[in-house]
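Each residue of the sequence shown is one higher than the last, beginning at 5 in the numbering used here.
Written out below as structure tokens is the structure these notes cover.
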Amino acid sequence: MRRTRIPDSVVVGAGGVAGSAARAALDQVAAMYPARGLFLPWSTLAVNALGAFGLGLLGAWVAGRIASGAGDPSSLRRLRLLAGTGFAGAFTTYGTYIIASVGYASLNGVAEAVAQSLGLLALGGACAWAGTEAGQRLGDTGRAAAARRAGGDQA
């Protein structure tokens, strides 16, 4: 029996549908519980921080699995397409963030908008770093297990 291969575009699309639905649900919660003092809905901040963390985690974990031989590279690549490109791509919103920054600048001045934007950029960078660190730790665990299975020393 021949297995039918699902096209990469369908894998990305499926992840995108799930990411869009998750984003819409979080936006509905944010509309019910608005935060004051932010130039964006808190859901926009949350999805971008979570997305940066998740992409860092996924990328490092997948790289660790491939490097250790602990997973099928083709399956891991498709997981990255599904969860990274599809889900996270639809879940996070760079465009919404930029449009809100421009609107905030016109109301409150460029200096304050730039300061808030730089703060959000730093938050995203910190989340991506934390996700990458967590993914590397998970990948290191996978490499150690692969070394034990092969009868070698723990890496």
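Beta carbons are placed, not taken as given, at the ideal position from N, Cα and C, and that holds for glycine.
All values derive from a computational prediction rather than experimental measurement.
Mind listing, in chain order, the continuous alpha helix (DSSP H) runs of no fewer than 4 residues lying wholly within the region 81-153?
98-112 and 114-153
Compute the distance between the beta-carbons of Ala87 and Gly113, then report whether it is under 9 Å.
Against the sequence shown, residue 87 aligns to sequence position 83. Against the sequence shown, residue 113 aligns to sequence position 109. It is not a contact, given that the beta carbons lie outside the stated cut-off.
What residue ranges within the region 28-68 form continuous beta strand (DSSP E) runs of no fewer than 3 residues, ordered along the chain?
none
Hey, how far is the Cα of Ala34 from the Cα of Gly60?
For this step, residue 34 is matched to residue 30 along the sequence shown. For this step, residue 60 is matched to residue 56 along the sequence shown. Rounded to whole angstroms, Ala34 to Gly60 spans 25 Å at the Cα level.
Please classify Trp65 as buried or exposed, where buried requires at least 16 other C-beta atoms within 10 Å of its C-beta.
As a first step, residue 65 is located in the sequence shown; it is residue number 61 there, counting from the start. Under this definition Trp65 is a buried residue.
Answer with buried or exposed for Leu85, where buried requires no fewer than 16 other C-beta atoms within 10 angstroms of its C-beta.
For the purposes of this step, residue 85 is identified with residue 81 of the sequence shown, where counting begins at 1. Classification for Leu85: buried.
Taking Cβ positions, are Asn52 and Leu124 nearer each other than 9 Å?
Here residue 52 is taken as the residue at index 48 of the sequence shown, counted from 1. Here residue 124 is taken as the residue at index 120 of the sequence shown, counted from 1. Their beta carbons are under 9 Å apart, which means Asn52 touches Leu124 by this criterion.
Taking the CB atoms as reference points, tell me whether Gly41 and Ala94 lie closer together than 9 Å.
Locating residue 41 in the sequence shown gives position 37, counting from the first residue. Locating residue 94 in the sequence shown gives position 90, counting from the first residue. In this structure, Ala94 does not lie closer than 9 Å to Gly41 by Cβ.
Is DSSP giving Gly23 helix, strand or coil here?
One-based indexing of the sequence shown puts residue 23 at position 19. Here Gly23 sits in helix by DSSP.
For Ala18, does the three-state DSSP call read helix, strand or coil?
In the sequence shown, residue 18 corresponds to position 14, counting from 1. Looking at Ala18 - three-state DSSP - the assignment turns out to be helix.
Look at the alpha carbon of Tyr108 and the alpha carbon of Gly90, and state the distance between them as a whole number of angstroms.
Residue numbering aside, residue 108 sits at position 104 when the sequence shown is read from its first letter. Residue numbering aside, residue 90 sits at position 86 when the sequence shown is read from its first letter. Whole-angstrom Cα-Cα distance: 29 Å.
Do Arg27 and Gly143 have their CB atoms nearer than 9 Å?
As a working note, residue 27 is residue 23 in the sequence shown. As a working note, residue 143 is residue 139 in the sequence shown. No.
Quick check on the burial criterion: 16 or more other C-beta atoms within 10 angstroms. Buried or exposed for Met77?
The residue labelled residue 77 in the question sits at position 73 within the sequence shown. Here residue 77 is Pro; the residue named in the question, Met, does not match the sequence. Exposed is the call here.
Given this structure, state the Cα-to-Cα distance separating Gly128 from Ala138, to the nearest angstrom.
On the sequence shown, position 124 is the one that residue 128 refers to. On the sequence shown, position 134 is the one that residue 138 refers to. Those two C-alpha atoms are separated by around 15 Å.
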